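Going by this note's numbering, the residue at position 50 of the sequence shown is 50; the numbering climbs one at a time, nothing skipped. Where is the CB? At the ideal position from N, CA and C, for every residue including glycine. What you are looking at is a predicted structure, and each value in this text was computed from that prediction instead of being measured.
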Amino acid sequence: MKTLLRSSRLLLCLLSLFAVQAVWAADPPASSKTQQVEKQQLVSINKATQSELETLPRIGPATAQRIIAFREEHKGFKSLEELMNVKGIGPKTFEKLKPLISL
């Protein structure tokens, strides 16, 4: 009886170790927007559609529309920094977007 109890405990410990190891080995899930941006290369702020702009972090439908309106009004962006002239995009948001965008 004691041997059976020890064997059961040992088996339970081993199974627990395998479960913990599997959890540690798994990568943390990325947000869906991050995954979408990773699949594509850089998003061109002069050519992107509204849905493409919305794949960027902190860019929702309203901000995407404002980016497009600014782009059309000014005949395109001349520099990435011009994006901060769009309402809703300040320095913090721009710094998050900068590695993900191009002209």
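Checklist entry - Quick one, are the C-beta atoms of LYS96 and PRO57 less than 7 Å apart? => result yes
Checklist entry - Near THR63, which residues of its chain fall below 6 Å by C-beta distance, leaving aside the five closest residues on each side in sequence? => result GLY88
Item to check | Residues of its chain near PHE70, where Cβ-Cβ distance is below 6 Å and the 5 sequence neighbours each way are ignored | outcome: VAL86
Checklist entry - Expressed to the nearest angstrom, what Euclidean distance is found between the alpha-carbon atoms of GLN42 and ARG9? => result For the record, residue 42 in the displayed sequence is Leu; it is not Gln. Rounded to whole angstroms, LEU42 to ARG9 spans 53 Å at the Cα level.
Item to check | Inter-residue Cα distance where the pair is LYS47 and LEU103 | outcome: 8 Å
Checklist entry - In chain order, what residues of the same chain lie with their CB nearer than 6 Å to the CB of GLY76, ignoring the 5 residues before and after it? => result ASN46
Checklist entry - Under three-state DSSP, which class holds LEU80? => result helix
Checklist entry - To which residues does DSSP link SER102 through a beta bridge? => result SER44
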